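Take a look at the structure set out below.
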Amino acid sequence: PLFAIGIALMLKQVLISLFIGVWAGAWLASGEGFRGIFTGFFDTIAVYIVPGAADPDRMSIMIFTLLIGGVVGIISANGGIRGIINVMMKVVKTRIQGQAMTSAMGFLVFFDDYANTMIVGNTMRPLTDKLNITRAKLAYLVDSTAAPVATIALVSTWIGAMVAYIASAEAGMADYNESAYLVFVNSLPYNFYAFFAIIFVLMIALSGRDFGPMLTSRMNLLRAKTDPEYDTYGIHHNKSEDETDQNESTSHWTNAAIPILVLIVSTIAGLFITGEGSSLQDIVGTA
Numbered sequence: 179p180l181f182a183i184g185i186a187l188m189l190k191q192v193l194i195s196l197f198i199g200v201w202a203g204a205w206l207a208s209g210e211g212f213r214g215i216f217t218g219f220f221d222t223i224a225v226y227i228v229p230g231a232a233d234p235d236r237m238s239i240m241i242f243t244l245l246i247g248g249v250v251g252i253i254s255a256n257g258g259i260r261g262i263i264n265v266m267m268k269v270v271k272t273r274i275q276g277q278a279m280t281s282a283m284g285f286l287v288f289f290d291d292y293a294n295t296m297i298v299g300n301t302m303r304p305l306t307d308k309l310n311i312t313r314a315k316l317a318y319l320v321d322s323t324a325a326p327v328a329t330i331a332l333v334s335t336w337i338g339a340m341v342a343y344i345a346s347a348e349a350g351m352a353d354y355n356e357s358a359y360l361v362f363v364n365s366l367p368y369n370f371y372a373f374f375a376i377i378f379v380l381m382i383a384l385s386g387r388d389f390g391p392m393l394t395s396r397m398n399l400l401r402a403k404t405d406p407e408y409d410t411y412g413i414h415h416n417k418s419e420d421e422t423d424q425n426e427s428t429s430h431w432t433n434a435a436i437p438i439l440v441l442i443v444s445t446i447a448g449l450f451i452t453g454e455g456s457s458l459q460d461i462v463g464t465a
């Protein structure tokens, strides 16, 4: 994993880095020394990637993620994101307000962490750029609400996976017949990471404080106002008037709200349609 992350940071290419990471793992697993570099390449494809792609559950996650990415592309191209930002800019004027709004958006998209990351991240980035909120701060706010919110929501795509893991463990426990969904619900008070992560997000957002890489990024952003060398994201780059006016006539918040609403409703409906049972816990647990 560390090797794959290191390659990703250098190449800025996630898929290539993941492939190289799996290749390195296949080499280590082969135990064949230098020769394993070559055999590991073919094992990467034949043993790890192809069987993984043939797994229905994994493919459903990949397709679901691609469809979410498609929705993000639609609301970006049709001016929906710009429309939302235009509305938000009328009420969100300060950095703290922008950070609070980003956190609130993270709570609203509760049904899936992938959807949360892609929708909230892409929607809020233009607003946070205008408010001089660093990309590092945006990444923290988005990431620390996405998974924590999805793991404690009673209806989410996470629940099906977690209930399946619990049921699998229960299968090996003699004389244990507790419902897997009930075990999950009863375990929620002990999900300390999720609750503390959410509390910490609210503290950081409402206080406006930064620390670690977020603080470094903020200092660089302040320096970028006078030194272009620190303008990592091109936030202070002066856009042309034509570029600024592009899609102005089609920018409306409903262009984003309607696709996102359809995504949320259809995902939750899909959980109930594909689930089986007479109770909410059975339906969501088997979806």
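Under the working numbering, the letters of the sequence shown match residues 179 to 465, in that order.
Glycine included, every Cβ here is placed at the ideal spot set by N, Cα and C.
These numbers come from a predicted model, not from an experiment.
Would you mind sorting N433 into buried or exposed? The rule is 16 or more other CB atoms within 10 Å of its CB.
-> Position 255 of the sequence shown, counted from the start, is the residue given in the question as residue 433. Buried.
With DSSP run on the structure shown, which of helix, strand or coil describes W205?
-> On the sequence shown, position 27 is the one that residue 205 refers to. If DSSP states are grouped into helix, strand and coil, W205 belongs with the helices.
Cβ neighbour criterion (16 or more within 10 Å) applied to N256 = Taking the sequence shown and counting its residues from 1, one reaches residue 256 at position 78. Taking a 10 Å sphere around the C-beta of N256, we find 16 or more other C-beta atoms and assign the residue as buried.
Measure the Cβ-Cβ separation of A207 and L196 and say whether it is below 9 Å.
-> As a first step, residue 207 must be located in the sequence shown, where it is residue number 29. As a first step, residue 196 must be located in the sequence shown, where it is residue number 18. Cβ atoms of A207 and L196: not closer than 9 Å.
How is W336 classed by DSSP in three states: helix, strand or coil?
-> In the sequence shown, the residue the question calls residue 336 occupies position 158. Looking at W336 - three-state DSSP - the assignment turns out to be helix.
Can the beta-carbon of A231 be found closer than 9 Å to that of G218?
-> Locating residue 231 in the sequence shown gives position 53, where the first residue counts as 1. Locating residue 218 in the sequence shown gives position 40, where the first residue counts as 1. For A231 and G218, no; Cβs fall outside 9 Å.
Contact under 9 Å by Cβ, T445 with G453 = In the sequence shown, counting from the first residue as 1, residue 445 sits at position 267. In the sequence shown, counting from the first residue as 1, residue 453 sits at position 275. The answer is no: Cβ separation not under 9 Å.
What's the C-alpha gap between G390 and G276?
-> On the sequence shown, position 212 is the one that residue 390 refers to. On the sequence shown, position 98 is the one that residue 276 refers to. Their backbone Cα atoms lie some 20 Å apart in a straight line.
Can you check whether the CB of A278 is closer than 9 Å to the CB of L384?
-> Position 206 of the sequence shown, counted from the first residue, corresponds to residue 384. Position 100 of the sequence shown, counted from the first residue, corresponds to residue 278. Yes. Within cutoff.
Helix, strand or coil at V287 [DSSP, three-state] = Translated into positions along the sequence shown, residue 287 becomes position 109. Coil at V287, not helix or strand.
Through-space distance from D233 to G350, alpha-carbon basis | For this step, residue 350 is matched to residue 172 along the sequence shown. For this step, residue 233 is matched to residue 55 along the sequence shown. One C-alpha to the other measures close to 23 Å.
Quick one, are the C-beta atoms of V327 and F362 less than 9 Å apart?
-> On the sequence shown, position 149 is the one that residue 327 refers to. On the sequence shown, position 184 is the one that residue 362 refers to. No Cβ-Cβ contact shorter than 9 Å links V327 with F362.
Label Q191 either buried or exposed according to how many other C-beta atoms from any shown protein chain fall within 10 Å of its C-beta, with 16 as the threshold for buried.
-> By one-based count along the sequence shown, residue 191 stands at place 13. It is exposed - the Cβ of Q191 has fewer than 16 other Cβ atoms within 10 Å.
Would you decide whether N294 is buried or exposed? Buried here means 16 or more other CB atoms lie within 10 Å of its CB.
-> The residue labelled residue 294 in the question sits at position 116 within the sequence shown. Looking at its Cβ environment, which holds 16 or more other Cβ atoms inside 10 Å, N294 is buried.
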